[in-house]
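Student: Handing you a structure now.
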Amino acid sequence: MTDLLVSGTGAGPTQVRRASGSGSWALVADLARVQAIRIMRHPVFLLGLGWYVVLVGVGERPHGLYAEYSTVTGSVAYLVGPIAFFATNLVASSGRRSGADEWTPSLPMTRLHRTGALLLACLAPAAFAAVLDLAVLLLIRSYGGLDMHVYWQHLASVPITVLGGAVLGVAVARLLPWTGVPLVVVVGLVSFNLWITTVDPYLGFYVDYALWTTPPDMVPPMVPGDPSWHLVFLLALTGLAACGALLRDTRRWWLPFAGGAVLGAVVLVSGTLQLA
Amino acid sequence: MRTRQLRQLAPVLLRSVRWQPTVAGAGIAAVVLVVRRDHLAHSAQAVLVLRVVALLLAVGLAFALDDRSRRTVQSVPAPAWWRAAGQVSVALVPALAAWIAALGWVSTRTGDLPVLGLSLEAAALAAVGLALAAGLVRWRELLDPGAVAGPALLVSGLMTAQLPDRVALVVGPGPAWAAAHLRWSALLAAAVAVLLLAVRDPAARPWLRR
Amino acid sequence: MTAVRVQDVTKSFGRTRALQGVTFSAGVGVTGLLGPNGAGKTTLLRMLATVLAPDSGSLQLLGRNPQDADDRLAIRRRLGYLPQEPGFHRGFSVFDFIDYVAILKELTDRQARHQEVRRVIDAVGLSDVAGRRIRALSGGMRRRVGVAQAILGEPELVILDEPTAGLDPEQRLRFRDLVSRIGEGRTVLLSTHMTEDVAALCPRVVVVDGGRTVFDGTPSALTGTADGRVWLAADRDPAARLAWRTADGDVRNIGDAAPAGAVTVPPTLEDAYLLLVGEAAVTEAAA
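Chains as they are written, first to last, in my numbering: chain U, 1 to 276; chain X, 1001 to 1210; chain C, 2001 to 2287.
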């Protein structure tokens, strides 16, 4: 065994401060920041944003209150939601696909911590969606459009939907770690959403809150139902996905399982209460 | 030599090429067709459903260039483009079969189906997916580009439906059909150009010398 | 014939200049390629394996120009390459995977091909596991699968990038025996971090650092550059560029010149290499 003394200034090796076991949770926020940057810089996320810029650039202004309301309360979720799902899924599964999962189990930061950091990082695309949505609202109002009351719950559903999509991406990476499954999940979810909204508009994840009406500049009636309970519904679904993501990462699996069971009940109750 | 190689490689390619995502895409497409069978009498609905089928098949095809042994075999005499063509051919067979079957089945339920136009769209989507995958192999050196190219194609497919009328790709049969399919042709040509560039031998003389 | 001629070759990736004018040649026998991480060894070997084109400079392999399509094909027919990170279809067995590579190497006569596959599997000591799936093999065994596919078809030029990574001492000895036999009558270029492998195997060594050739000669000549520059002491000498405590308890110091009265010792190839590549190697060795 040899000890190596590095030449140069003659100073000893740099002391590295290590976190204690409980300190690993303190580092989760640091890791979450790193993962958030990875998600926001992922090629799929950037491609989606590029598409959004193209659509805004070549698109026409929404005409009429219905179109303006739909743009502000839904289009950002529709566009940013799937790209957030795929970006977080690809970041979460990058260790498995690259083979890094072979050596990460030996790290002091457990997989539970790393998944926790990923879930925290999902706030980044959600925050981005919130900012984008507000910017769209301000832009439309700047040219005199959307001269009507906008329900804050409808606006809030945009970042929450994106958050749910991002968290679901992590959950799919953890629970269903096979190539191609994320695509099947998205196809399934989009198909389900298209169908369920014909049964009841409020049961979907992406809700077109404003009802179509003529003439187009007449204040549209809203889809009947309770938007506050719909927010609770979306948050509970997001929490359910987060519990799923953590299920296999802890020996105390009964904790996320129990949490998921409670949130599942909240989904059922809020899903019922949100309906007209 | 290459023909003989191909015959001997065929059983190996069947084991090594990722054709399963294409078959899965075809399976989901079949479900879509069955679920929407009662709506296929209207040609607009039939066109929409077939577009979904085309997108699903193209997403599956984007996995055809996944190859974990790529680094090991990169200096063999068989050129990169030839190996890529062999991989794509294996996955293309179930994709083509599924597309022809879908067209045939839908056309029995609807009278006026723009088969050529829809096939052009399907070809363009497939080419875009393969171009994305080939580009990721060439310029990002990914061994499994399908995991990124598939989602990128699906996202792009969803976004394409939002394009405004003057640059629309997704239009129903009618006055805008011809113009939209000129755009599809341009997309197909661009995708094929990127694909050819990406499978060009990296050791070949660069076109632009620094 | 000089199988490899590299003249002022450069290569950049974006803003990173991986090679800044490498020049050397290699003929029959085993030539070792040494250098710290980031020196450009893998980039250089990829060019010699006809996987990458240089940005400028000239490259001649087996008397041909790899930038010409026909010449490149001819080179690849006489070339074997083990990349730094070989990948495999893990569901394949050892035999099946090497057979697959053999088909790609245009060995289309099935009987002769299978014979050749068995020969190379035996040469790397994997006959007992030829039918086992690659995913079930250890890392060292997988690397031997990589070596086996590189020597398929008795290539005249064999390029091995870090071939002994992951091999245990007994496997490394077997590998040295294999490489020295391959090197009889062929050109073998071997990139490694293990100076012991170079000392044991290579009549010639090329040291690459910062994208340039900094030494091209025999291992003994490289070792000779450290004569009088390695000494033992009870403690680290401030005059030393690098020092470490050995198992005997002494501190081995290497530097520009041993101080007066110091007990100098015969240098090893590693000492000379560390002195040659300077701070990059110091940082690498400390890590």
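In this text, a Cβ means the ideal position worked out from N, Cα and C, and glycines have one as well.
Please determine, among Ala1030/X, Leu1040/X, Trp1019/X, Leu1055/X, the residue with the shortest C-alpha to C-alpha distance to Gly1129/X.
Tutor: It is Leu1055/X.
Student: CB Val1155/X to CB Gly48/U, shorter than 8 Å?
Tutor: Yes, the Cβ-Cβ distance between Val1155/X and Gly48/U is below 8 Å.
Student: Measure the alpha-carbon distance for Arg1166/X versus Pro1173/X and round it to whole angstroms.
Tutor: For Arg1166/X and Pro1173/X, the distance between alpha carbons rounds to 15 Å.
Student: Roughly how many angstroms separate the alpha carbons of Lys2011/C and Gly2211/C, rounded to a whole number?
Tutor: Distance between the alpha carbons of Lys2011/C and Gly2211/C is about 9 Å.
Student: Under 7 Å between beta-carbons, which chain C residues line up against Ser1075/X? List them in chain order, please.
Tutor: The contacting residues are Ala2049, Thr2050, Val2051, Arg2076, Leu2079, Tyr2081.
Student: Do we get a CB-CB distance below 8 Å when we pair Thr2108/C with the residues of chain X?
Tutor: Answer yes: the Cβ-Cβ gap between Thr2108/C and chain X drops below 8 Å somewhere.
Student: Cβ of Gly21/U less than 8 Å from any chain X Cβ?
Tutor: Residue placement at Gly21/U is poorly supported in this model, since its pLDDT is 49, which falls under 50; the coordinates still yield a value, given next. No, its Cβ sits nowhere closer than 8 Å to a Cβ of chain X.
Student: Going residue by residue through the stretch 2179-2250 of chain C, where are the continuous beta strand (DSSP E) segments of at least 3 residues, counting only ones entirely within it?
Tutor: Those beta strand (DSSP E) runs which fall completely within the stretch 2179-2250 of chain C and span 3+ residues are 2187-2191, 2204-2209, 2212-2217, 2230-2233, 2242-2245.
Student: In the DSSP assignment, what residue or residues form a beta bridge with Val2006/C?
Tutor: Answer is Phe2024/C, Leu2059/C.
Student: Beta carbons nearer than 7 Å to chain X: which residues of the stretch 40-55 of chain U have them?
Tutor: Per Cβ criterion, the list reads Pro43, Val44, Leu47, Gly48, Trp51, Leu55.
Student: Since I believe Leu118/U is in contact with Val170/U (beta carbons under 8 Å), could you give me their beta-carbon distance rounded to a whole number of angstroms?
Tutor: Yes, they are in contact, since the Cβ atoms of Val170/U and Leu118/U sit about 5 Å apart, within 8 Å.
Student: Quick one, which of Ala1127/X, Asp1144/X, Arg1070/X, Ala1180/X has its alpha-carbon nearest Leu1057/X's?
Tutor: For the residues Ala1127/X, Asp1144/X, Arg1070/X, Ala1180/X, the minimum Cα distance to Leu1057/X belongs to Ala1127/X.
Student: Residues of chain X with CB under 7 Å from Pro2086/C, in chain order?
Tutor: Near Pro2086/C (Cβ distances below 7 Å), the residues of chain X are Arg1071, Thr1072.
Student: Report yes if the CB atom of Thr88/U is closer than 8 Å to the CB atom of Ala166/U, and no otherwise.
Tutor: Cβ atoms of Thr88/U and Ala166/U: closer than 8 Å.
Student: Classify Tyr2081/C as helix, strand or coil using the three-state DSSP reduction.
Tutor: In the structure shown, Tyr2081/C sits in a strand (DSSP, three-state: E or B).
Student: Kindly indicate which residue of Arg2046/C, Thr2246/C, Leu2082/C has the alpha-carbon position closest to the one of Leu2160/C.
Tutor: Nearest C-alpha to Leu2160/C: Leu2082/C.
Student: Where does Ile37/U sit, in a helix, a strand or coil, going by DSSP?
Tutor: The answer is helix: DSSP assigns Ile37/U an H, G or I state.
Student: Can you round the beta-carbon distance between Leu1065/X and Ala1084/X to whole angstroms, since I take them to be within the 8 Å contact cut?
Tutor: Right, the Cβ-Cβ distance comes to about 6 Å (below 8 Å), so this counts as a contact.
Student: Over the uninterrupted alpha helix (DSSP H) stretch that includes Ile2151/C, give me the two end residues.
Tutor: Run containing Ile2151/C: none; DSSP gives neither H nor E here.
Student: Kindly indicate the opening and closing residues of the beta strand (DSSP E) around Asp1038/X.
Tutor: Where Asp1038/X is concerned, there is no enclosing beta strand (DSSP E), given that its DSSP letter is neither H nor E.
Student: At a CB distance below 9 Å, what residues from the stretch 2098-2126 of chain C approach chain X? Give them in sequence order.
Tutor: Cβ contacts with chain X: Asp2099, Tyr2100, Val2101, Ile2103, Leu2104, Lys2105, Glu2106, Thr2108, Arg2110, Arg2113.
Student: Between the Cα of Val1059/X and those of Gln1162/X, Ser1043/X, Leu1153/X, spot the shortest distance and give me the residue it belongs to.
Tutor: The option with the nearest alpha carbon to Val1059/X is Leu1153/X.
Student: Taking all protein chains shown into account, do 16 or more other C-beta atoms lie within 10 angstroms of the C-beta of Val1964/C, making it buried, or fewer, making it exposed?
Tutor: Examination of residue 1964/C is not possible in this model, given that chain C is present from 2001 through 2287 alone.
Student: Considering only the alpha carbon of each residue, which of Leu2232/C, Ala2257/C, Asp2235/C, Thr2213/C lies closest to Gln2007/C?
Tutor: Minimum Cα distance to Gln2007/C is reached at Thr2213/C.
Student: Alpha carbon to alpha carbon, how far is Glu2156/C from Ala1095/X?
Tutor: In a straight line, the C-alpha of Glu2156/C is about 42 Å away from that of Ala1095/X.
Student: When the cut-off is 8 Å and only beta carbons count, does Gly2146/C lie next to chain X?
Tutor: For Gly2146/C, the answer is yes, since a Cβ of chain X falls inside 8 Å of its Cβ.
Student: Just by C-beta distance, which residues in the stretch 83-115 of chain U are closer than 7 Å to chain X?
Tutor: The stretch 83-115 of chain U vs chain X, Cβ under 7 Å: Ile83, Phe86, Leu90, Arg97.
Student: How far does the beta strand (DSSP E) with Gly2032/C in it reach, from first residue to last?
Tutor: Here the beta strand (DSSP E) through Gly2032/C covers 2029-2034.
Student: Tell me which residues share the same chain as Val2129/C and place their Cβ nearer than 7 Å to its Cβ, disregarding the 5 neighbours each side in the sequence.
Tutor: Closer than 7 Å at the Cβ level, and outside the excluded window around Val2129/C, lie Val2094, Leu2137, Met2141.
Student: Using a threshold of 8 Å, state whether the C-beta atoms of Arg2229/C and Leu2201/C are closer than that.
Tutor: No, they are not a contact pair.
Student: Round the Cβ separation of Gly2032/C and Val2277/C to the nearest angstrom and send it over; I've been treating them as touching at under 8 Å.
Tutor: The Cβ separation is near 14 Å, so there is no contact.
Student: For Ile2254/C versus Ala2240/C, is the C-beta distance shorter than 8 Å?
Tutor: The answer is yes: Cβ separation under 8 Å.
Student: What residues from chain C crowd round Pro1202/X, counting only those whose CB sits closer than 8 Å?
Tutor: Residues of chain C passing the Cβ test: Val2051, Leu2052, Ala2053.
Student: Pull up the CB-CB distance for Asp2227/C and Pro2267/C, whole angstroms please, since I reckon it's below 8 Å.
Tutor: Confirmed, Cβ separation roughly 6 Å.
Student: Quick check: what's the CA-CA separation for Leu2269/C versus Ser2191/C?
Tutor: Approximately 15 Å between the Cα atoms of the pair.
Student: Given Gly21/U, which residues of its chain have a CB within under 6 Å of its CB, disregarding the five upstream and five downstream residues?
Tutor: For Gly21/U, the predicted structure reports a pLDDT of 49, less than 50, and the residue's modelled location is therefore unreliable. The matter cannot be settled from this model.
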